[in-house]
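Let me begin by presenting the structure, written as structure tokens, before commenting on it.
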Amino acid sequence: MPLASIPSPSQGVWYLGPIPLRAYALCIVLGVIVAVWLSERRWRARGGAPGTMVDIAVPAVIFGLIGGRLYHVITDWQLYFGPDAPNKPYEALFIWNGGLGIWGAVALGGVGVWLSCRKRGLSLSAVADTVAPGIAFAQAIGRWGNYFNQELFGGPTTLPWGLEIEPGRAGTIEGYTGLYHPTFLYESLWNVALGFALIWAGRRFTLRHGRLFALYVAGYTVGRFWIEGLRVDPVGGVDHAVHFLGLRINQWTAIVLFVGALVYLWVTRNKDAEEIVVPPSAEPASGSPSGTPADGDEPAGDARTSDDGARSSDDDPASGETEPADGVASSDGVESADRAESSDTAEPPAAVDAAHRAESADDAEAADGAEDERARAVPEEKKS
Numbered sequence: 234m235p236l237a238s239i240p241s242p243s244q245g246v247w248y249l250g251p252i253p254l255r256a257y258a259l260c261i262v263l264g265v266i267v268a269v270w271l272s273e274r275r276w277r278a279r280g281g282a283p284g285t286m287v288d289i290a291v292p293a294v295i296f297g298l299i300g301g302r303l304y305h306v307i308t309d310w311q312l313y314f315g316p317d318a319p320n321k322p323y324e325a326l327f328i329w330n331g332g333l334g335i336w337g338a339v340a341l342g343g344v345g346v347w348l349s350c351r352k353r354g355l356s357l358s359a360v361a362d363t364v365a366p367g368i369a370f371a372q373a374i375g376r377w378g379n380y381f382n383q384e385l386f387g388g389p390t391t392l393p394w395g396l397e398i399e400p401g402r403a404g405t406i407e408g409y410t411g412l413y414h415p416t417f418l419y420e421s422l423w424n425v426a427l428g429f430a431l432i433w434a435g436r437r438f439t440l441r442h443g444r445l446f447a448l449y450v451a452g453y454t455v456g457r458f459w460i461e462g463l464r465v466d467p468v469g470g471v472d473h474a475v476h477f478l479g480l481r482i483n484q485w486t487a488i489v490l491f492v493g494a495l496v497y498l499w500v501t502r503n504k505d506a507e508e509i510v511v512p513p514s515a516e517p518a519s520g521s522p523s524g525t526p527a528d529g530d531e532p533a534g535d536a537r538t539s540d541d542g543a544r545s546s547d548d549d550p551a552s553g554e555t556e557p558a559d560g561v562a563s564s565d566g567v568e569s570a571d572r573a574e575s576s577d578t579a580e581p582p583a584a585v586d587a588a589h590r591a592e593s594a595d596d597a598e599a600a601d602g603a604e605d606e607r608a609r610a611v612p613e614e615k616k617s
């Protein structure tokens, strides 16, 4: 008798009146909630509109459930359609009884995400990078549904964390009453670590254009490969797992996806084009951020400042323009001519000021000359 072990739950279904609450379904729902919550926070931090991830999650989950079930039924078709099938063909639709392939869930769920991104004008790669850590955490939570269903366990073990499985379950060894590897727990812990690693890598290396999602695929398949090697559940068969060249079907799938992820990382290593996080339809009508003028337009504040400056230079004595010297004022005609000349030549205020001063000086000199002439004329009259 082992000194320590992990006991299996006595039941995986509870009833609220006639409504069954299945632990397997609850774990999946909880995983989806965590994934959407985290993805929404990450999307807003990247500049995306609030609520986008919630909207995208609806078709993604629907497509994902269909894809996950299809993969399970295709790879375990003998459980439903074989001559010795223990289940009825229509039971292939009973998702709550267990049996969702993550490969199919991610593949077809990605189709749902792609359709949503295309409809909203968003970059699929940006959304994929955003949801990658959330998917890892959702898988970590969802795996506990296998624990309640007493499925997807490994071979016999004497380790203190071995899992107790009821005799007669699919994959159990006839006559063996010992413990089995809790592969659901191994994969759950691996996915938790992977989720945190993805968050760190995304911040440390600023992975964009789907590279963070590719890193998720590579990381998950590495863990899944060795965990899959411990499992004894009958994937592809009725009472045994189907092998090809010494490896299980899911191990070959992991190898193919791992290589594909590495190829994608290499091909997109230098890709740095802008990704669409906010669709054009959500931007301000002017085509530029709020409060910023469009190209070719002057800011309203600058236009007001320019007008005020022009008025102060023409009318305000404090602007630096002085009255003519010696109290000589320009006539209306001269002033009008000066204004017209200033308007035609578009001289700067300093040049206009100098012209006024020079003209005033000429007028003052002419007046002084006239005074001297009158002063000399007075003695001449007296002499005569």
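Going by the working numbering, the sequence shown opens with residue 234, and the numbers climb by one from there. Idealized CB from N, CA, C, for every residue including glycine. Quantities reported herein were computed from a predicted structural model and do not represent experimental measurements.
Separation of Y323 from I289, as counted between CA atoms: 30 Å
S545 in three-state terms, based on DSSP: In this prediction, S545 has a pLDDT of 39, which is less than 50 and means its spatial position is unreliable; nothing more can be read from the coordinates.
Whether V465 touches V475 by CB criterion (8 Å): no
Paired residues, beta bridge with W247 - DSSP: L254
Outcome for Y409 when other beta-carbon atoms lying within 10 angstroms are tallied against a minimum of 16: exposed
Endpoints, alpha helix (DSSP H) assigned at I374: L357 to G375
Sub-8 Å separation of A451 and A506 beta-carbons: no
Straight-line Cα distance separating R255 from V246: 4 Å
Neighbour-count burial assignment, A293, 16 or more Cβ in a 10 Å radius: buried
Touching by the beta-carbon criterion (3+ pairs, under 8 Å), the stretch 340 to 349 and the stretch 255 to 265: no
Assumed close pair G334, I261 - CB separation to whole angstroms, cut-off 8 Å: At roughly 13 Å, the Cβ-Cβ gap does not stay under 8 Å, so G334 and I261 are not in contact.
Nearest candidate by alpha-carbon position, reference T363, set S241, G456 and R444: R444
Beta-carbon proximity check, S358 vs H442, cutoff 8 Å: yes
Cβ distance (whole Å) where F386 is taken to contact Y413 below 8 Å: 4 Å
Beta-carbon proximity check, G462 vs E420, cutoff 8 Å: no
Cα-Cα separation between P389 and G435, rounded to whole angstroms: 38 Å
Simplified DSSP assignment, three categories, for I239: strand
Beta-carbon proximity of P513 to G354, cut-off 8 Å: yes
Cross-strand partners of L422 (DSSP beta bridge): The partner list for L422 (beta bridge, DSSP) is empty, contrary to what the question assumes.
Coil, strand or helix - T416 by DSSP: helix
Segment limits, alpha helix (DSSP H) that includes K352: I335 to R353
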